[in-house]
Amino acid sequence: MGPVLAGVLQLLALIAALALAYIPLGNYLARVYSCDRHWRVERWIYKGIGANPDAEMRWTAYLRGVLAFSVVGVLFLYLLQRIQGVLPGSLGFASIDPDQAFNTAVSFVTNTNWQSYAGEQAMGHVVQTAGLAVQNFVSAAVGIAVAVALVRGFARSRTGELGNFWADLVRGTVRVLVPGAAIAAVVLVACGAIQNFSGIHEVGQFMGGSRQWNGGAVASQEAIKELGTNGGGYFNANSAHPFENPTPFSNLFEIFLILVIPFALTRAFGLMVGSVKQGYAILATMGTIWVGFVALMMWTEFAHHGPAFDIAGGAYEGKEVRFGVGASSIFATSTTLTSTGAVDSFHSSFTGLGGGIALLGMMLGEIAPGGTGSGLYGMLIMAVIAVFVAGLMVGRTPEYLGKKIGSREIKSAACYILITPALVLVFTAFAMALPTPAHSMTNSGAHGFSEILYAYTSAANNNGSAFAGLNADTHWFNTTLGLCMLLGRFLPMVFVLALAGSLAGQRTMPATAGTLRTEKPLFTGLLAGVVLIIAGLTYFPALALGPLAEGLAS
């Protein structure tokens with residue numbers, strides 16, 4: 001079997017698995033966020049935090065809950081890293097420096113999981129399990145909660161209430177992420193991923209010296225890292241490490257975990273707004289973009305010319321032989337089109353155009369299918385923009401799901417799509433203009449510029465993957481990337497919840513003969529076009545200076 005055919009067959013198997021999980025998981029998610037009953041363990045949690053899960057919240061109160069919970073998470077995780085040296089189970093590792101502790105705390109609380117450290121050489125068992133792994137669960141639950149709040153904005157009429165943040169947070173964690181990650185962890189252990197609390201071991205000679213590895217609760221963290229679209233690796237090599245991702249099957253299973261909740265949330269969206277077809281329209285847009293990007297990535301990595309590539313059967317540099325070019329291309333595309341950031345190969349070693357595809361995937365806004373929750377609310381924001389554009393073309397007041405898209409709604413949507421590009425381009429410009437950040441680049445020219453652009457794109461879009469050629473463990477990058485992650489996560493949420501509150505306060509309008517049918521393929525095409533055009537117009541000059549210049553020159 002040739003490598004191209006193997007890659008295509010793996011893609012088809014992945015699509016089949018996602019299709020099988022779509023309806024049952026989507027239905028379950030809709031029930032979780034629509035029912036009024038609370039599990040006993042959930043009532044214990046509410047009592048412990050002093051929350052009333054039945055109290056409805058307006059968008060401002062919902063936002064305060066999101067921000068307050070996240071601030072506490074940042075402070076707790078920062079403190080845990082700063083006192084690591086005196087904690088049991090630290091494996092002898094020292095406490096983390098202030099700038100790196102800030103960067104890491106922000107990174108995991110914002111569901112970014114950018115890492116400027118080598119996990120097996122910096123973090124002990126307590127920080128890994130009680131700090132980082134916990135945030136993998138709750139940061140993903142926060143994203144789903146905000147998406148559900150926006151869906152309720154479309155579904156409800158003449159009320160400014162969007163549900164209860166604490167109830168949504170707890171349900172997402174207890175009913176969705178914990179059981180899903182537990183099942184996934186068992187599968188990964190069966191595949192060969194490690195799960196223990198052992199110390200540091202000598203594992204033989206390596207280039208004239210001994211090599212040390214430490215164990216850890218790797219399978220459980222790997223499971224939620226992918227299921228929650230987090231991405232932070234227990235080891236520096238991330239999902240390319242055999243302790244995290246041992247076999248080709250585990251590799252495909254991890255890609256499945258990355259994609260299954262973001263895609264299934266479109267089904268939950270359709271059920272909650274009373275039209276499954278609306279969910280299918282969003283799913284079709286996400287799926288079309290994802291398949292298109294996978295095909296482009298596989299083409300660039302298989303068809304690149306040169307004697308070495310021809311002999312190897314593809315661009316194998318930086319890729320695990322266990323997985324091959326096809327599976328690595330699927331993984332790279334899936335992780336950059338979601339907010340995952342996990343890698344099973346090094347994106348800096350991809351071909352020039354391949355690296356550009358990974359960059360563009362993040363620049364779309366992490367919406368195809370995007371992160372857990374953030375992908376759905378990002379695509380719904382794009383749907384609002386698409387409806388507005390269609391309304392301008394035909395001279396009608398734009399409507400989406402029976403709600404008028406007026407000046408207030410379009411301002412919220414416009415601010416949402418402007419925040420992330422502004423962060424990426426402004427911080428990239430400063431980093432290239434100042435002398436000190438450039439010293440962190442391994443490469444010069446177009447590839448060196450791509451390293452900087454990729455870092456800020458990854459941070460602002462809360463992706464977390466890296467180009468692997470940039471030394472980001474400096475005061476400048478730890479601080480500025482941390483700020484990018486904070487602003488890129490929570491400023492968009494402000495406008496998402498403001499839009500949700502505005503929509504919930506409207507009366508639902510009945511469809512008429514002139515209403516744009518947003519469940520039809522025509523709208524799916526329009527929505528995909530709007531997504532690509534906005535990203536292209538925003539980022540084309542930067543892409544031309546980096547991956548496009550490198551790809552055309554090679």
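Numbering follows UniProt numbering, with no gaps: position 85 of the sequence shown is 85. Idealized CB from N, CA, C, for every residue including glycine.
Please give me, in chain order, every unbroken run of the alpha helix (DSSP H) with length at least 4 that falls completely inside the region 472-538. Positions of the alpha helix (DSSP H) runs, each at least 4 residues long and wholly inside the region 472-538, are given as 475-504 in order along the chain.
Buried versus exposed, by CB contacts within 10 Å (16 or more), L20: Residue numbering aside, residue 20 sits at position 20 when the sequence shown is read from its first letter. L20 counts as exposed, since fewer than 16 other beta carbons sit within 10 angstroms of its beta carbon.
Can you check the region 343-401 for any alpha helix (DSSP H) of at least 4 residues that lies completely inside it and give the ranges in chain order? 352-363 and 374-394
Alpha helix (DSSP H) runs wholly inside the region 206-252, at least 4 long, in chain order: 218-227
Taking the C-alpha atoms as reference points, what is the distance between E120 and G2? By one-based count along the sequence shown, residue 120 stands at place 120. By one-based count along the sequence shown, residue 2 stands at place 2. Cα-Cα distance, rounded: 36 Å.
By DSSP, does I200 sit in helix, in strand, or in coil? By one-based count along the sequence shown, residue 200 stands at place 200. Strand, per DSSP.
Straight-line gap, L79 to A118 (C-alpha atoms, nearest Å): For the purposes of this step, residue 79 is taken as the residue at position 79 of the sequence shown. For the purposes of this step, residue 118 is taken as the residue at position 118 of the sequence shown. Between L79 and A118, the C-alpha separation is close to 19 Å.
Report yes if the CB atom of S70 is closer than 8 Å to the CB atom of M485, and no otherwise. Here residue 70 refers to the residue found at position 70 of the sequence shown. Here residue 485 refers to the residue found at position 485 of the sequence shown. Contact flag unset, no.
Local conformation of A156 per DSSP, three classes: Within the sequence shown, the letter at position 156 stands for residue 156. The sequence given here has Arg at residue 156, not Ala. In the structure shown, R156 sits in coil (DSSP, three-state: anything other than H, G, I, E or B).
What residue does the alpha helix (DSSP H) around I23 start on, and which one ends it? For this step, residue 23 is matched to residue 23 along the sequence shown. In the DSSP annotation of this structure, the continuous segment of the alpha helix (DSSP H) that includes I23 starts and ends at P3 to V32.
Within the chosen definition, does the region 320-340 reach the region 5-14 through at least 3 CB pairs nearer than 8 Å? yes
Do the region 415-434 and the region 388-407 meet, that is, are 3 or more Cβ pairs less than 8 Å apart? no
Mapping the DSSP letters down to three states, classify I311 as helix, strand or coil. Along the sequence shown, read from residue 1 onward, the residue named residue 311 stands at position 311. Since pLDDT at I311 reaches only 48, below the 50 mark, its modelled position is unreliable, and no value is offered.
Would you check if there are 3 or more beta carbon pairs closer than 8 Å linking the region 182-196 to the region 381-389? no
Residue from S345, F263, M441 and L283 whose Cα sits closest to the Cα of E372: In the sequence shown, counting from the first residue as 1, residue 372 sits at position 372. Residue identity check: residue 372 is Thr in the sequence provided, not Glu. Checked all of S345, F263, M441 and L283; the closest Cα to T372 is F263.
According to DSSP, simplified to helix, strand and coil, what is M57? Numbered from its first residue, the sequence shown carries residue 57 at position 57. In the three-state reduction of the DSSP assignment, M57 falls in the coil class, being assigned neither a helical nor a strand state.
Skipping 5 residues on each side, what residues in its chain have a beta carbon closer than 8 Å to that of I23? Residue 23 sits at position 23 when you count from the first residue of the sequence shown. Here the set comprises R267.
Between residue 567 and P53, what straight-line distance do the alpha-carbon atoms span, to the nearest angstrom? Outside the shown range of the chain (1 to 554) lies residue 567, about which nothing can therefore be said.
Outcome for S444 when other beta-carbon atoms lying within 10 angstroms are tallied against a minimum of 16: Position 444 of the sequence shown, counted from the start, is the residue given in the question as residue 444. By the 10 Å Cβ count, S444 comes out exposed.
Is any heavy atom of the ligand GDP found at a distance shorter than 7 Å from the C-beta of F137? The ligand GDP is not among the ligands present in this structure, which contains no ligands whatsoever.
Where do the ends of the alpha helix (DSSP H) carrying G274 lie? In the sequence shown, counting from the first residue as 1, residue 274 sits at position 274. Here G274 belongs to no alpha helix (DSSP H), and DSSP marks it neither H nor E.
Measuring CA to CA, which of L162, L169, G551 and G341 is closest to A237? In the sequence shown, the residue the question calls residue 237 occupies position 237. Nearest of L162, L169, G551 and G341 to A237, Cα basis: G341.
Candidates G89, L150, A68 and V127: which alpha carbon is nearest I96's? Here residue 96 corresponds to residue number 96 of the sequence shown, with the count starting at 1. Nearest of G89, L150, A68 and V127 to I96, Cα basis: V127.
From A68, Q10, F523 and L67, pick the residue whose C-alpha is nearest to that of S250; which is it? Counting from one through the sequence shown, the residue named residue 250 turns up at place 250. Minimum Cα distance to S250 is reached at Q10.
Spell out the partners DSSP gives L470 in its beta bridges. Indexing the sequence shown from 1 puts residue 470 at position 470. Partner(s): M441.
C-alpha distance - G131 paired with P492, whole-angstrom precision: What you label residue 131 is simply residue 131 of the sequence shown in a count that begins at 1. What you label residue 492 is simply residue 492 of the sequence shown in a count that begins at 1. Spanning the two alpha carbons is a distance of roughly 25 Å.
With DSSP as the reference, identify every bridge partner of K403, one or two as the case may be. For the purposes of this step, residue 403 is taken as residue 403 along the sequence shown, with counting starting at 1. Per DSSP, Y400.
My output table needs one value for E42: the three-state DSSP class, helix, strand or coil. Locating residue 42 in the sequence shown gives position 42, where the first residue counts as 1. Reduced to three states, the DSSP call for E42 is helix.
Indicate whether at least one CB of chain D lies closer than 8 Å to the CB of G318. Included in the structure is just one protein chain, with no chain D present.
I need the DSSP call for L317, collapsed to helix, strand or coil. Indexing the sequence shown from 1 puts residue 317 at position 317. Here the sequence assigns Glu to residue 317, which means Leu is not the residue at that position. Of the three classes helix, strand and coil, the one that applies to E317 here is coil, per DSSP.
So which of R31, L527, L25 and G65 has the shortest CA-CA distance to V273? Start at 1 with the first residue of the sequence shown, and residue 273 comes out as number 273. Among R31, L527, L25 and G65, the Cα nearest to that of V273 belongs to R31.
Give the C-beta separation of T442 and G469 to the nearest angstrom, bearing in mind that I take them to be a contact with Cβ-Cβ under 8 Å. Indexing the sequence shown from 1 puts residue 442 at position 442. Indexing the sequence shown from 1 puts residue 469 at position 469. Confirmed, Cβ separation roughly 4 Å.
Could you pull out every residue in the same chain whose Cβ sits closer than 7 Å to the Cβ of L425, ignoring the five residues on either side in sequence? Within the sequence shown, numbered from 1, the residue matching residue 425 stands at position 425. Only A542 meet the Cβ criterion.
Here's the rule: buried if 16 or more other CB atoms are within 10 angstroms of the residue's CB, otherwise exposed. What is R156? To locate residue 156, count along the sequence shown from 1; it is residue 156. By the beta-carbon neighbour count (other beta carbons within 10 angstroms, threshold 16), R156 is buried.
When you compare only the Cα positions, how much space is there between V294 and T335? Walking along the sequence shown from the start, residue 294 turns up at place 294. Walking along the sequence shown from the start, residue 335 turns up at place 335. Looking at the two C-alpha atoms, the distance is approximately 11 Å.
Please report the distance separating the alpha-carbon of S139 from that of G160. As a position in the sequence shown, residue 139 is number 139, starting the count at 1. As a position in the sequence shown, residue 160 is number 160, starting the count at 1. Approximately 25 Å, taken between the alpha carbons.
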